[in-house]
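In this text, residue positions in the sequence shown follow my numbering: the first is 1, and each later residue adds one. Please read the structure below before turning to the comments.
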Amino acid sequence: MSAKDLLAEFDRAVESDPPPLMPDPNAVPPPPPRPTLGELQVLITELQARIRMLERRNDRLEDKIDELQEEVKELKMENSFLRDKTDNDY
């Protein structure tokens, strides 16, 4: 085979599509695509809205806790009064 024939064969091999390779079962999958700036801005906006919602919920829960603590304090005073009254009745 002449050098010219070898070059022609090489050119054909380079120009033709290579046979498909079998996927490596141990290969690590590629990382997911990175989000765009617009996607990140949307995500940030959604997270800020969730934070505001949770802050409002937290404020309502703190108010409820204060109400319940006040109620407990009143019930303790009433209990103490009733206990004293009961003790004095005997």
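Cβ coordinates follow ideal geometry from the N, Cα and C atoms, glycine included.
Next item on the list: May I have the straight-line CA-CA distance separating Ala13 from Thr36, to the nearest angstrom?
Entry: Inter-residue distance for Ala13 and Thr36 is about 40 angstroms (C-alpha atoms, whole angstroms).
Next item on the list: Determine the direct distance from the alpha carbon of Glu71 to that of Thr86, and round the result to whole angstroms.
Entry: Cα to Cα, Thr86 sits roughly 22 angstroms from Glu71.
Notebook entry, point to check: Under three-state DSSP, which class holds Leu21?
Noted result: Leu21 falls in the coil class under three-state DSSP.
Item checked: Pairwise C-alpha distance: Glu74 and Arg52 -> Their backbone Cα atoms lie some 33 angstroms apart in a straight line.
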